[in-house]
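Engineer: Chains as they are written, first to last, in full-length UniProt numbering: chain A, 1 to 447; chain B, 1 to 313.
By construction, the Cβ of each residue, glycine as well, lies at the ideal position given by its N, Cα and C atoms.
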């Protein structure tokens with residue numbers, strides 16, 4: 001049977017192709033000599049490909065405006081932008097050996113994986129080579145763009161989280177500064193009907209409610225996700241217990257079933273039916289981008305609302321003014337065909353004040369450099385300024401990069417879902433269980 | 001002696017092997033590329049740590065992790081529930097519907113169309129619609145129940161009701177199976193029923209002794225395909241879970257699959273999660289092999305039962 005060796009050879013060839021598909025690589029950053037003379041003129045002509053996740057017309061237009069400024073500075077470099085790209089597509093392109101020159105991601109969840117595997121190139125050599133001072137970025141923004149000493153991405157724009165409150169529903173009350181104040185105010189502002197069903201909620205404490213994720217809530221108590229060795233700190237950091245007990249107490253006050261029924265009657269987070277727009281919730285945790293959504297909604301823009309930093313644990317007044325932040329990141333994938341030109345674009349988009357201000361003004365996200373935040377050209381009212389202050393606050397926290405970031409968040413989120421429902425009899429044991437899941441997964445991923 | 005025990009191939013086959021292989025080659029290539037190669041690759045990768053970028057041999061680590069992964073037991077339990085409850089419920093319901101539709105005299109075409117139509121609705125749209133209809137706060141289904149003084153549950157939000165709700169969704173969309181059963185039922189010779197009726201057999205006896213044995217191959221086909229579909233159950237559970245939770249999935253708010261309380265977490269979902277959300281491809285391969293083995297075992301059990309039933313009858 002001559003067919004058998006032929007088939008085996010074919011299968012072996014296929015296997016080899018599959019295993020080596022990701023080993024194609026273009027020149028790496030910093031490996032080529034830096035052009036002498038004026039950098040903008042000395043770079044050779046090239047067409048570079050940029051993949052990003054912006055998809056609406058307004059977003060794409062704003063991004064193209066920022067790119068146009070780069071093209072004016074580097075007329076010999078043509079930027080071909082592809083919109084609406086997700087992380088999976090970026091990963092597949094890198095693995096297939098045909099990545100874009102520059103890639104933008106809306107989430108920081110994959111940064112650790114990209115940095116550790118080398119899927120995104122370490123920018124440290126060119127940052128040093130070009131004398132870029134990363135201290136222009138808040139420390140928190142540096143932390144979510146690097147992993148294990150590799151600065152494989154830079155922050156493009158940031159999201160900061162604080163409290164939005166509806167002034168009419170607040171009945172003259174000031175926004176809460178501590179969790180106790182938040183509880184008292186939530187109870188005071190809640191309106192129920194004769195059956196005890198919630199008509200207006202002061203604050204919805206359910207973990208499944210829109211932006212109430214563990215990462216966002218954790219910053220209110222200064223909770224720690226990981227130990228220095230990357231293992232889970234959730235079970236050992238008492239701050240998480242403080243947060244969970246506070247949350248459970250408020251859920252119980254509403255009644256879990258009543259709260260779920262109310263939550264499920266609410267409109268979509270991204271639509272005009274958002275309960276904050278409709279006056280059904282007095283206070284919400286949300287990102288700075290909600291300001292733009294309110295301004296763009298014909299009905300909601302009439303609402304009198306305010307913004308404030310997140311309330312903090314009663315025993316941690318030092319945290320007040322801080323919040324949670326994460327954001328859009330940008331980098332040069334492994335195998336980029338024009339890494340030098342790609343780096344110039346990354347550098348322009350992440351450090352050029354005019355570019356950042358243009359993007360921030362159009363997209364209403366937080367610009368990441370101190371110069372851009374202080375630029376007189378940056379449009380800001382009091383409600384938006386709150387988020388600039390939160391982003392710049394030294395105690396503002398983020399979700400630290402981890403190779404299992406998504407898994408870890410999901411494991412904890414599942415646990416919190418059980419906890420708030422009353423399905424966890426022993427909080428300590430439950431949190432230890434979360435630790436075990438995260439640590440076991442870390443081992444599986446190679447530590 | 002060798003020539004006696006190992007007879008030479010018949011003369012007409014001599015020299016025709018290569019030609020036969022040539023004719024079979026499209027199929028052989030298809031099997032090799034789309035079945036054998038992926039299967040061998042799955043086994044190969046299951047012994048490796050593979051994050052889509054780098055490959056490292058880790059021996060049995062992925063298999064050891066399988067034994068300690070709490071979500072494997074949870075998702076396997078959920079999948080088993082679907083096999084043991086949803087499959088029989090859906091098959092029985094579609095068989096009953098087919099029985100009724102084949103017997104109805106007036107408006108048969110209308111009934112067939114009405115019962116078949118839901119199976120043409122795309123899975124995503126059908127699932128989202130069901131979740132909205134059964135919304136505990138403002139869904140029309142609970143409002144209808146309230147007219148009779150019944151407080152409807154949180155269908156897709158209560159772990160006790162979430163899988164039964166999916167079963168209802170499956171029953172609603174069983175038009176395809178109903179049509180197959182209809183064809184089988186219409187194929188049963190009428191004179192058998194007439195003879196049985198003359199002998200005094202009632203409807204149940206007729207069904208048990210005539211209908212069931214005659215449509216047994218179709219029933220078996222339906223059961224086997226339904227069991228395999230249940231083992232691969234993914235989209236409806238994922239969508240229902242996501243829509244019912246109302247949770248968002250953006251930076252810092254990763255959505256945990258299986259809402260509520262992981263009651264809708266099926267084995268294929270966990271496999272997808274491991275492979276394409278956590279990039280633990282090696283471990284995902286172990287889960288794929290587990291699923292493959294489960295499919296084989298269930299199919300073999302069903303086939304054996306079917307043969308035994310055939311022999312008995």
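#1: Quick one: list the residues of chain C neighbouring residue 283 of chain B, beta-carbon separation under 7 angstroms, in chain order.
#2: Any residues in the stretch 128 to 160 of chain B with a beta carbon nearer than 8 angstroms to a beta carbon of chain A? Which ones, in chain order?
#3: At a Cβ threshold of 9 angstroms, is residue 192 of chain A touching chain B?
#4: Against chain B, which members of the stretch 404 to 432 of chain A pass a CB distance test of less than 8 angstroms?
#5: Tell me, to the nearest whole angstrom, how far the beta carbon of residue 261 of chain B is from that of residue 122 of chain B; I am working on the premise that it is less than 8 angstroms.
#6: So is residue 262 of chain A in contact with chain B if we call contact Cβ pairs under 9 angstroms?
#7: I need the DSSP call for residue 155 of chain B, collapsed to helix, strand or coil.
#8: How long is the line joining the alpha carbons of residue 211 of chain A and residue 218 of chain B, rounded to whole angstroms?
#9: Can you tell me where the alpha helix (DSSP H) holding residue 270 of chain B begins and where it ends?
#10: Give me, in chain order, the residues of the same chain whose beta-carbon lies closer than 7 angstroms to that of residue 421 of chain A; leave out the 5 immediate sequence neighbours on both sides.
#11: Measure from the alpha carbon of residue 371 of chain A to the alpha carbon of each residue in A:92, A:351, A:178 and A:291, then state which is nearest.
#12: Which complete alpha helix (DSSP H) runs does the stretch 33 to 89 of chain B hold, if anything under 4 residues is left out?
#13: Looking only at its own chain, which residues have a Cβ that is under 6 angstroms from the Cβ of residue 298 of chain B, when we skip the five neighbours before and after it?
#14: Who are the near neighbours of residue 321 of chain A in its chain, counting only those whose CB is closer than 6 angstroms to its CB and skipping five residues on each side?
#15: Could you tell me whether the Cβ atoms of residue 134 of chain B and residue 155 of chain B are closer together than 9 angstroms?
#16: Where does residue 146 of chain A fall in DSSP's three states?
#17: How many angstroms separate the CA atom of residue 21 of chain A from the CA atom of residue 388 of chain A?
#18: Thinking C-alpha only, which one of A:177, A:167 and A:111 is nearest residue 148 of chain A?
#19: Against chain B, does residue 163 of chain A count as a neighbour if the rule is that its beta carbon must be under 9 angstroms from one of theirs?
#20: For residue 314 of chain A, collect the residues of the same chain with a Cβ closer than 8 angstroms to its Cβ; drop the 5 residues on either side in sequence, then sort them by chain order.
#21: Between B:54, B:283, B:286 and B:265, which has its C-alpha nearest residue 74 of chain B's C-alpha?
#22: Using the C-alpha atoms, what's the distance from residue 215 of chain B back to residue 235 of chain A?
#23: Please list the partners that residue 71 of chain A has in chain B, where partner means a Cβ-to-Cβ separation under 9 angstroms.
#24: For a contact defined as C-beta to C-beta under 7 angstroms, what are the partners of residue 91 of chain A on chain B?
#25: Do the CB positions of residue 330 of chain A and residue 153 of chain A come within less than 9 angstroms of each other?
#26: Cβ atoms of residue 203 of chain A and residue 284 of chain A: under 9 angstroms apart, would you say?
#27: Are any of the Cβ atoms in chain B nearer than 9 angstroms to that of residue 335 of chain A?
#28: Report the three-state DSSP secondary structure of residue 301 of chain A (helix, strand or coil).
#29: Would you call the CB atoms of residue 224 of chain A and residue 233 of chain A closer than 9 angstroms?
#30: Is residue 215 of chain A near residue 92 of chain A, with beta carbons less than 9 angstroms apart?
#31: Suppose you measure from the CA of residue 67 of chain B to the CA of residue 60 of chain B; what does that come to, to the nearest Å?
#32: Taking the CB atoms as reference points, tell me whether residue 58 of chain A and residue 362 of chain A lie closer together than 9 angstroms.
#33: Suppose you measure from the CA of residue 199 of chain A to the CA of residue 168 of chain A; what does that come to, to the nearest Å?
#34: For residue 366 of chain A and residue 395 of chain A, what's the separation of their Cα atoms in angstroms?
#35: Would you call the stretch 99 to 106 of chain A in contact with the stretch 324 to 342 of chain A, where contact means no fewer than 3 C-beta pairs closer than 8 angstroms?
#36: I'd like to know if the stretch 126 to 145 of chain B and the stretch 190 to 199 of chain B are in contact, where contact means that at least 3 CB-CB pairs between them fall below 8 angstroms.
Structural biologist: The short version:
#1: You won't find chain C in this structure, because its protein chains are A and B.
#2: For the stretch 128 to 160 of chain B, which is checked against every Cβ of chain A, the residues closer than 8 angstroms are 135, 136, 137, 138, 154 and 157.
#3: It does not; no Cβ of chain B falls within 9 angstroms.
#4: If you check each beta-carbon in the stretch 404 to 432 of chain A against every beta-carbon of chain B, the ones closer than 8 angstroms belong to 404, 405, 406, 407, 409, 410, 411, 413, 414, 417, 418, 421 and 423.
#5: Contact between residue 261 of chain B and residue 122 of chain B is ruled out by a C-beta separation of about 28 angstroms, above the 8 angstroms threshold.
#6: Yes, contact with chain B.
#7: Secondary structure at residue 155 of chain B: coil, using DSSP grouped into helix, strand and coil.
#8: Roughly 50 angstroms between the two C-alpha positions.
#9: Element bounds for residue 270 of chain B: 267 to 272.
#10: Non-local C-beta neighbours of residue 421 of chain A in its own chain, meaning closer than 7 angstroms and more than five positions away in sequence, comprise 256, ordered along the chain.
#11: The shortest C-alpha to C-alpha distance from residue 371 of chain A to any of A:92, A:351, A:178 and A:291 is the one to A:351.
#12: Correct list: 37 to 46, 61 to 68 and 70 to 81.
#13: Cβ within range, chain order: 227.
#14: Counting only residues of its own chain and dropping the five nearest sequence neighbours on each side, residue 321 of chain A has a CB closer than 6 angstroms to the CB of 309 and 393.
#15: A contact, by the Cβ cut-off of 9 angstroms.
#16: Residue state, collapsed to three classes: coil.
#17: With a pLDDT of 42 at residue 21 of chain A, under the threshold of 50, the predicted position of this residue should be treated as unreliable, though the coordinate-derived value follows. One Cα belongs to residue 21 of chain A, the other to residue 388 of chain A, and the distance between them is close to 44 angstroms.
#18: Of A:177, A:167 and A:111, the residue nearest in Cα terms is A:111.
#19: Residue-level contact check: residue 163 of chain A does not touch chain B, since none of the beta carbons of chain B fall below 9 angstroms from its beta carbon.
#20: Excluding residues within five positions, the ones whose Cβ falls inside 8 angstroms are 178, 179 and 180.
#21: Nearest in C-alpha terms to residue 74 of chain B, of all of B:54, B:283, B:286 and B:265, is B:265.
#22: Using only the alpha carbons, I get a separation of about 58 angstroms.
#23: Neighbours of residue 71 of chain A on chain B: none; closest Cβ ~29 angstroms, over 9 angstroms.
#24: Under the 7 angstroms cutoff, chain B gives 52.
#25: Yes; because the gap between Cβ atoms is below 9 angstroms, this pair is in contact.
#26: Cβ atoms of residue 284 of chain A and residue 203 of chain A: closer than 9 angstroms.
#27: It does not; no Cβ of chain B falls within 9 angstroms.
#28: Helix at residue 301 of chain A.
#29: A Cβ-Cβ contact shorter than 9 angstroms links residue 224 of chain A with residue 233 of chain A.
#30: Contact flag unset, no.
#31: Approximately 11 angstroms, taken between the alpha carbons.
#32: Cβ atoms of residue 58 of chain A and residue 362 of chain A: closer than 9 angstroms.
#33: Pairing residue 199 of chain A with residue 168 of chain A, the inter-Cα distance amounts to about 15 angstroms.
#34: Their backbone Cα atoms lie some 17 angstroms apart in a straight line.
#35: With the cut-off at 8 angstroms, the stretch 99 to 106 of chain A and the stretch 324 to 342 of chain A touch.
#36: Because the criterion of three Cβ pairs below 8 angstroms is not met, the stretch 126 to 145 of chain B and the stretch 190 to 199 of chain B do not touch.
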